[in-house]
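Colleague: Residue numbers (the numbering used here): 284 to 524.
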Ligand code: GLP
């Protein structure tokens, strides 16, 4: 695991965006695994700016997002479908037909999860998987004790995660309880992983991921097994290392 510690949030975001941009320049038909969350907002801003100012093209890129809340339709303002359109897809030249997220309102979420995993394989696998980290060490929505051998499936969200994400919803009760998430094993199959974490609130989880034992209690520690994983941090997120 390569750990890069940058002086501040802006520098960390720029570094992660640079890795994405280089991947797309080297392979214009790259398959990208994408993440959501507050951490990724400035990164998508940076990529949209590179598209606008430097001509970085996503026209040939295929994307698979990590997760989606169960029960939310793609046009729900709190869905990750909506987040991705607003923060990234609508701001670049990506072909919407090549963008994929798990279907949160699928009539059979279990079958939809299996199909999603198979679709990633059929696309040739992920070239670059972008990841954030939850304060409890989750990646995607693989919550603590998620099997390190898991594939895309339904996960129950912990109370901590629901509290952390409550800010996007009208109330705690309206914050979804379940999500479809790409599994830990599916994530590990990506040819390259880049995890971006910024801010002191992530310091404990980052410590568990980098210096803790390999354990399902901290799903992000599974990245210790990955031959090409890069963790990009600002000083605050690295402060417990
Ligand atoms: C969310 C997402 C994760 C994300 C994490 C951190 O709930 N499911 O993919 O990495 O939690 O989010 P944030 O960047 O807002 O702290």
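Where a beta carbon is used, it is the ideal one built from N, C-alpha and C, also for glycine. In this text, all values refer to a predicted model and were calculated from it rather than measured experimentally.
May I have the straight-line CA-CA distance separating residue 510 from residue 475, to the nearest angstrom?
Modeller: Approximately 8 Å between the Cα atoms of the pair.
Colleague: Within 8 Å: the Cβ of residue 464 and any heavy atom of ligand 1?
Modeller: Residue 464: yes, Cβ under 8 Å from ligand 1.
Colleague: Just how far apart, CA to CA, sit residue 417 and residue 397?
Modeller: C-alpha separation (whole angstroms): 24 Å.
Colleague: Would you say the beta carbon of residue 262 is closer than 8 Å to some non-hydrogen atom of ligand 1?
Modeller: There is no way to answer for residue 262, as the model of the chain reaches only from 284 to 524.
Colleague: Does any heavy atom of ligand 1 sit closer than 8 Å to the C-beta of residue 349?
Modeller: Yes, ligand 1 has a heavy atom inside 8 Å of this Cβ.
Colleague: With respect to the alpha helix (DSSP H) encompassing residue 300, which residues constitute its N-terminal and C-terminal limits?
Modeller: Where residue 300 is concerned, the enclosing alpha helix (DSSP H) stretches over 292–309.
Colleague: Ordered along the chain, which non-local residues of its own chain (more than five positions away) have a Cβ less than 6 Å from that of residue 317?
Modeller: 346, 348 and 413, listed in sequence order.
Colleague: Taking 8 Å as the line, does the beta carbon of residue 383 fall inside it for any heavy atom of ligand 1?
Modeller: The answer is no for residue 383.
Colleague: With distances taken from CA atoms, which of 501, 451 and 404 is nearest residue 473?
Modeller: Among 501, 451 and 404, the Cα nearest to that of residue 473 belongs to 404.
Colleague: In or out: residue 479 buried (at least 16 other Cβ within 10 Å) or exposed?
Modeller: It is buried - the Cβ of residue 479 has at least 16 other Cβ atoms within 10 Å.
Colleague: With distances taken between CB atoms, is the gap from residue 515 to residue 465 smaller than 9 Å?
Modeller: No, Cβ-Cβ distance for residue 515 and residue 465 is not below 9 Å.
Colleague: Let me check understanding here. Comparing Cα to Cα, which of 293, 334 and 426 lies closest to residue 304?
Modeller: Checked all of 293, 334 and 426; the closest Cα to residue 304 is 334.
Colleague: Should the region 486–494 be regarded as contacting the region 442–461, the criterion being three or more beta carbon pairs within less than 8 Å?
Modeller: Verdict: no, contact absent.
Colleague: Do residue 314 and residue 409 have their CB atoms nearer than 9 Å?
Modeller: Yes, these two residues count as a Cβ contact at 9 Å.
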